[in-house]
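The structure appears below as structure tokens.
Protein chains in written order, with the numbering used here: chain A, 20 to 323; chain B, 345 to 758.
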């Protein structure tokens with residue numbers, strides 16, 4: 020996605036007739052090389068694979084070159100529930116992450132502006148989870164929520180949970196894991212934006228008799244919109260494709276599979292590479308469409 | 345030409361099992377599709393795929409890496425593997441023993457690209473299940489071992505495993521251990537939840553009292569096999585185990601998953617769910633239960649977990665030593681296999697891991713050490729036990745693709 024966002028800017032820059040143009044182009048080379056090697060090549064390979072037909076030998080995992088557009092139809096009809104679930108989870112988790120992250124970011128950036136020590140500590144706390152592998156952190160949640168755990172037993176004791184209720188493997192566990200893992204990605208961009216918020220504008224709002232909530236709605240929120248947009252993009256896109264949290268080996272169960280798990284199962288277990296590739300291609304395309312519509316609607320094209 | 349079955353019931357059963365895993369000429373042709381074009385394509389494909397076995401560096405490098413499943417090796421209180429340590433002392437070969445296989449399919453997905461190119465997969469020897477070993481062999485991904493270096497194996501391999509037309513001398517895949525899939529359960533929790541001592545049928549797993557506390561193995565041939573057996577299907581027969589029967593069994597599992605009865609469907613890691621109390625009962629592999637009893641048992645309660653055959657029967661399988669095409673320590677692997685085919689070592693191992701040993705003579709030695717354990721049906725099964733266990737028939741390529749897709753799609757939920 021970042022590529023698309025940058026893509027819209029490059030032509031404008033290239034039109035500049037200055038001498039530095041050549042140098043700039045030259046400096047772009049490593050980036051272009053990187054793009055070609057690690058983005059274009061795999062993408063082309065993915066598209067070719069998505070159109071392959073089963074081998075005439077019928078052996079499992081063998082495919083020949085072809086133009087089987089039916090792979091896409093099959094992928095959509097077979098995996099419609101998982102596709103729907105992925106995007107629902109992604110939207111839900113992004114909204115929840117935003118609801119949790121915005122106050123945190125606001126507190127760090129605005130309320131702690133004059134207390135550098137507190138600010139430093141709080142920022143470290145936001146980033147701290149990154150010090151531990153996210154696989155380990157997700158495993159930790161699996162332990163915390165396991166059936167014999169304190170959490171589940173307390174919920175059962177106070178009567179919220181019935182005897183046969185459990186957390187791991189439910190939609191709740193998966194969305195919880197997604198929100199938890201992506202909160203720093205939401206908090207940091209919003210923080211970076213609010214940190215630059217000119218407080219005199221807020222003061223001007225109250226001078227003009229706007230209520231605090233109106234000042235927030237009319238001044239703070241619109242000014243922090245670029246931070247919110249980058250935060251939501253940084254969470255929504257990876258969450259749509261996440262396959263770890265919802266996997267049956269982590270917080271998921273037999274009924275929580277997301278698109279990433281479908282791709283994994285098709286690539287690794289069924290050996291159905293064309294379907295796996297078709298789904299991957301569609302996931303990319305859908306995200307490109309959704310995100311460009313989102314960015315356009317929120318009118319922040321130029322801010323990205 | 346089929347040879348008659350041996351007299352000994354255990355061996356007879358094993359012969360039948362081995363035969364079911366052979367892909368007959370007819371099924372192979374059917375898989376090819378029968379058309380001349382397909383055949384020529386297949387031969388082209390075969391020609392360009394020929395990969396050459398790696399050079400054996402065993403003479404200069406006394407090491408080997410072994411990829412195996414969890415709970416498959418005798419272990420002392422310090423976490424060492426006594427039989428393996430003794431092998432290292434005797435042979436001077438350092439063994440890097442790794443628990444790398446959690447599920448045949450995922451293991452295959454990890455290693456197949458290197459195998460296809462003839463590269464080293466990081467293991468000199470691995471122990472996939474018979475059907476997976478047959479797939480690897482069929483694709484030319486395995487090295488042939490040398491019987492001359494393994495006199496114990498030649499002398500002691502149970503006759504049931506011999507006489508395979510694809511591999512008459514058993515040099516491509518050599519049995520490591522066999523076992524059953526049945527029902528494993530937490531004795532105390534099961535009693536508390538259901539009031540019964542032990543589960544007796546697959547439908548006991550679907551009891552309302554166990555809602556959300558049941559695990560299933562992700563190994564299709566075991567979990568679906570057990571359900572098929574409970575529906576009265578003979579999983580060894582192609583006439584009985586049709587695609588319709590298979591799908592009917594999937595429907596039953598799907599209903600249970602949909603109603604929240606099933607907590608999770610996993611590979612060997614179902615043991616974690618059983619030991620942490622996430623689940624009360626599961627489709628399980630026989631020897632695993634002994635191992636977790638050893639790990640979690642206390643003095644008051646030495647065997648907190650139990651293993652039973654469902655009344656409708658258990659599934660039977662074997663895991664086999666194979667040397668991948670890119671492995672560079674074949675001679676060392678042969679020494680390892682030779683060591684484990686010594687009945688003394690085989691008996692020690694079998695008594696610990698509680699799986700069926702393919703080594704003739706191990707039972708007699710085990711009987712001297714522990715006469716009671718030597719009667720353990722999970723290690724040295726008699727005719728009655730074997731009559732209650734069945735192995736999943738071999739599948740043609742397209743069948744395997746369809747069955748596997750249907751099973752995996754079921755596990756992705758809806």
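Even for Gly, the Cβ is constructed at its ideal location relative to N, Cα and C.
Note that the structure is a prediction, hence the values are computed from the model and not measured.
Nearest to residue i (by Cα), restricted to the options the options
i	options	result
residue 653 of chain B	B/624, B/681, B/570	B/570
residue 607 of chain B	B/399, B/624, B/745, B/692	B/624
residue 585 of chain B	B/432, B/421, B/397, B/735	B/735
residue 203 of chain A	A/112, A/297, A/70, A/95	A/112
residue 4 of chain A	A/201, A/277, A/314	Residue 4 of chain A lies beyond the stretch modelled for chain A, which goes from 20 to 323, so this question has no answer here.
residue 724 of chain B	B/575, B/595, B/616, B/502	B/502
residue 95 of chain A	A/296, A/317, A/275, A/153	A/296
residue 413 of chain B	B/646, B/737, B/530, B/521	B/521
residue 195 of chain A	A/214, A/226, A/163, A/172	A/163
residue 651 of chain B	B/743, B/637, B/739, B/664	B/637
residue 505 of chain B	B/751, B/700, B/686	B/700
residue 559 of chain B	B/405, B/618, B/544	B/618
residue 447 of chain B	A/227, A/60, A/86, A/268	A/268
residue 83 of chain A	A/68, A/91, A/242	A/68
residue 99 of chain A	A/193, A/278, A/306	A/278
residue 128 of chain A	A/89, A/109, A/173, A/215	A/215
residue 306 of chain A	A/286, A/105, A/283	A/105
residue 192 of chain A	A/265, A/139, A/89	A/265
residue 459 of chain B	B/474, B/442, B/483	B/483
residue 122 of chain A	A/40, A/240, A/292	A/240
residue 756 of chain B	B/567, B/593, B/711, B/562	B/562
residue 626 of chain B	B/496, B/529, B/751, B/475	B/529
residue 526 of chain B	B/554, B/479, B/572	B/572
residue 609 of chain B	A/130, A/276, A/42	A/276
C-beta atoms of residue i and residue j nearer than 9 Å
i	j	result
residue 207 of chain A	residue 260 of chain A	no
residue 300 of chain A	residue 66 of chain A	yes
residue 674 of chain B	residue 403 of chain B	no
residue 691 of chain B	residue 704 of chain B	no
residue 656 of chain B	residue 523 of chain B	no
residue 680 of chain B	residue 437 of chain B	yes
residue 124 of chain A	residue 213 of chain A	yes
residue 314 of chain B	residue 519 of chain B	Because chain B here runs from 345 to 758, residue 314 of chain B falls outside it and cannot be looked at.
residue 411 of chain B	residue 470 of chain B	yes
residue 533 of chain B	residue 557 of chain B	yes
residue 282 of chain A	residue 298 of chain A	yes
residue 622 of chain B	residue 167 of chain A	yes
residue 696 of chain B	residue 510 of chain B	no
residue 531 of chain B	residue 647 of chain B	yes
residue 761 of chain B	residue 546 of chain B	Lying outside 345 to 758, the shown extent of chain B, residue 761 of chain B is not represented and no answer is given.
First through last residue of the beta strand (DSSP E) which encompasses residue i
i	result
residue 444 of chain B	438-445
residue 609 of chain B	606-610
residue 158 of chain A	Run containing residue 158 of chain A: none in the beta strand (DSSP E); it sits in the alpha helix (DSSP H), 153-163.
residue 652 of chain B	649-652
residue 522 of chain B	517-530
residue 690 of chain B	Taken as a continuous stretch (DSSP letters only), residue 690 of chain B belongs to no beta strand (DSSP E), being part of the alpha helix (DSSP H) at 687-697.
residue 412 of chain B	407-413
residue 627 of chain B	625-629
Start and end residues, alpha helix (DSSP H) containing residue i
i	result
residue 661 of chain B	Element bounds for residue 661 of chain B: not the alpha helix (DSSP H) but the beta strand (DSSP E), 658-666.
residue 736 of chain B	Segment: none, residue 736 of chain B is in no alpha helix (DSSP H) and carries neither H nor E.
residue 190 of chain A	190-213
residue 107 of chain A	89-125
residue 491 of chain B	From DSSP, residue 491 of chain B is part of no alpha helix (DSSP H); its letter is neither H nor E.
residue 655 of chain B	It is not in any alpha helix (DSSP H) - residue 655 of chain B carries neither H nor E in the DSSP assignment.
residue 417 of chain B	From DSSP, residue 417 of chain B is part of no alpha helix (DSSP H); its letter is neither H nor E.
Problem - the stretch 270-302 of chain A: positions lying closer than 8 Å to chain B by Cβ - result: 272, 273, 274, 275, 276, 280, 281, 284, 285, 286, 287, 288, 289, 290, 291
Handout entry: Interfacial residues, the stretch 621-645 of chain B to chain A, with Cβ spacing under 7 Å
Key = 621, 622
Exercise for the section: Identify each residue in the stretch 251-267 of chain A for which the Cβ-Cβ distance to at least one residue of chain B is less than 9 Å, and report them in chain order. Expected result: 267
Problem - Interface positions of the stretch 436-456 of chain B facing chain A (Cβ-Cβ less than 7 Å), listed along the chain - result: 449, 450, 453
Problem - Unbroken stretches of the alpha helix (DSSP H), 4 residues or longer, contained in the stretch 238-294 of chain A - result: 240-260, 278-283
Exercise for the section: Can you check the stretch 56-84 of chain A for any alpha helix (DSSP H) of at least 4 residues that lies completely inside it and give the ranges in chain order? Expected result: 60-69
Exercise for the section: Scan the stretch 151-167 of chain A for residues whose Cβ lies nearer than 7 Å to a Cβ of chain B and list them as they occur along the chain. Expected result: 165, 166, 167
Problem - Contact set between the stretch 712-745 of chain B and chain A, restricted to residues whose Cβ is under 8 Å from the partner - result: 740, 741, 742, 744, 745
Exercise for the section: Could you name the residues of the stretch 598-610 of chain B whose beta carbon sits closer than 9 Å to any beta carbon of chain A, in the order they occur along the chain? Expected result: 601, 602, 604, 606, 607, 608, 609, 610
Practice task
Run through the stretch 548-623 of chain B for me and flag every whole beta strand (DSSP E) of 3 or more residues, listed as ranges in chain order.
Solution key: 558-561, 606-610
Exercise for the section: Could you please tell me which residues of the stretch 46-79 of chain A, in chain order, have their CB closer than 7 Å to any CB of chain B? Expected result: 75, 76, 77, 78, 79
Handout entry: Contact set between the stretch 171-197 of chain A and chain B, restricted to residues whose Cβ is under 8 Å from the partner
Key = 183, 184, 185, 187, 188
Practice task
Scan the stretch 531-555 of chain B for residues whose Cβ lies nearer than 7 Å to a Cβ of chain A and list them as they occur along the chain.
Solution key: 555
Exercise for the section: Pull out every residue of the stretch 458-471 of chain B whose Cβ sits closer than 7 Å to any Cβ of chain A, in chain order. Expected result: none
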